[in-house]
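Residue numbers are given in the working numbering: position 2 of the first sequence equals residue 2, and the series is strictly consecutive.
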Amino acid sequence: MPELPEVETTRRGLAPHLEGRIVSDVVLRRPDLRWPIPPEIRALLPGQRIDSVRRRAKYLLLDTESGSALLHLGMSGSLRVLPADTPVEAHDHVDLNLADRGRSKGRVLRFNDPRRFGCLLWQPPGQVHELLRGLGPEPLSDAFDGDYLFARSRGRKAPVKTFLMDQGIVVGVGNIYAAEALFDAGISPLREAGKVSRERYGALAEAVKRILAYAIERGGTTLRDFISPDGVPGYFELELSAYGRGGQPCPRCGKPMKEGAIGQRTTVWCPRCQR
DNA sequence: CTGCTTCCCTGACGGC
DNA sequence: TGCCGTCAGGGAAGCA
Numbered sequence: 001m002p003e004l005p006e007v008e009t010t011r012r013g014l015a016p017h018l019e020g021r022i023v024s025d026v027v028l029r030r031p032d033l034r035w036p037i038p039p040e041i042r043a044l045l046p047g048q049r050i051d052s053v054r055r056r057a058k059y060l061l062l063d064t065e066s067g068s069a070l071l072h073l074g075m076s077g078s079l080r081v082l083p084a085d086t087p088v089e090a091h092d093h094v095d096l097n098l099a100d101r102g103r104s105k106g107r108v109l110r111f112n113d114p115r116r117f118g119c120l121l122w123q124p125p126g127q128v129h130e131l132l133r134g135l136g137p138e139p140l141s142d143a144f145d146g147d148y149l150f151a152r153s154r155g156r157k158a159p160v161k162t163f164l165m166d167q168g169i170v171v172g173v174g175n176i177y178a179a180e181a182l183f184d185a186g187i188s189p190l191r192e193a194g195k196v197s198r199e200r201y202g203a204l205a206e207a208v209k210r211i212l213a214y215a216i217e218r219g220g221t222t223l224r225d226f227i228s229p230d231g232v233p234g235y236f237e238l239e240l241s242a243y244g245r246g247g248q249p250c251p252r253c254g255k256p257m258k259e260g261a262i263g264q265r266t267t268v269w270c271p272r273c274q275r
């Protein structure tokens, strides 16, 4: 379940292997992932040079002159650069074969996604894909801060955790990091978004930035399904204070952490430290 | 517009 | 050991 840090780690891992390389061939073993894979992927991508590998929210974009391949890893997706003769395994849905270049011969960018919540779509040059419209700011950008959260939250009755996970408010804060940031900022995930003060939103924005930046620095969280782009399993254990610790003692006060569902998502918080 | 629910999919895990 | 039910989770879509 890649969250933003895992996607950014993937981007950084892939970029040196992909940028400047020509896509020689596209192999689709399924016609669809979450959505049908559009015909442009087969029709326009072969022969194109990948100019840059970008990230927007949890989407990756492979930019070429004829357009951009838009990838989302969903819950269980991974991208790896492998020798072209690597045997295909279960759930290897898409290959982008890369043309030889110097000593770097016969490689393939392989997209594996057991649960198929991911997608591979196409964005024409100069356009912004429908899915990327209406997204909130990047959490690590200057546009995202406490004042911004405060302004956007006025009148919102939804729990602050739901608000924080709304991609139209800020992108890339999934269930794990939302729980961690709220713990860090001492805010109850149940609190009405519109009733959190400006000052506390300042603390929350800082917590989000700190936690995401740290996770990126560490190469993404542990995440069961995450595999780093060079094929090494990315099992970094990030010390999580809240997520997955229901019933266990609060790392700050020792009182048992509470666990419950907020908006159909499991949440853990400390009833004493988070108000 | 906000907010709530449902659904997609498969592997992991617990219970019998 | 094997079968089966349940859960997880990003986020779009549909509905109130």
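Glycine residues also receive a C-beta, built at the ideal position from the N, C-alpha and C atoms.
| query | result |
| --- | --- |
| Can you name, in chain order, every residue of its own chain whose Cβ lies under 7 Å from the Cβ of Glu-8, other than the five neighbours on each side? | Arg-55 and Ile-216 |
| Identify every residue that forms a DSSP beta bridge with His-93. | None, per the DSSP bridge assignment. |
| I'd like to know whether the C-beta atoms of Val-279 and Arg-210 end up nearer to each other than 8 Å. | Any property of residue 279 remains undetermined from this structure, which presents the chain solely from 1 to 275. |
| Would you check if the stretch 29–40 and the stretch 115–125 touch, i.e. whether three or more CB-CB distances between them fall below 8 Å? | yes |
| Tell me the start and end of each unbroken alpha helix (DSSP H) in the stretch 30–117 that is at least 4 residues and wholly inside, in chain order. | 40–43 |
| Does the distance from the CB of Gln-123 to the CB of Ser-68 come in under 8 Å? | yes |
| Could you please give me the residues that DSSP links to Ala-261 through a beta bridge? | Thr-266 |
| Where does Asp-166 sit, in a helix, a strand or coil, going by DSSP? | coil |
| Just to confirm my understanding: we take Gly-174, look at its own chain, exclude 5 residues before and 5 after, and list those with CB closer than 6 Å. What are they? | Glu-3 |
| If I follow the unbroken alpha helix (DSSP H) through Ser-153, where does it start and stop? | 146–153 |
| Should the stretch 129–144 be called in touch with the stretch 191–209, which here means at least 3 C-beta pairs below 8 Å? | yes |
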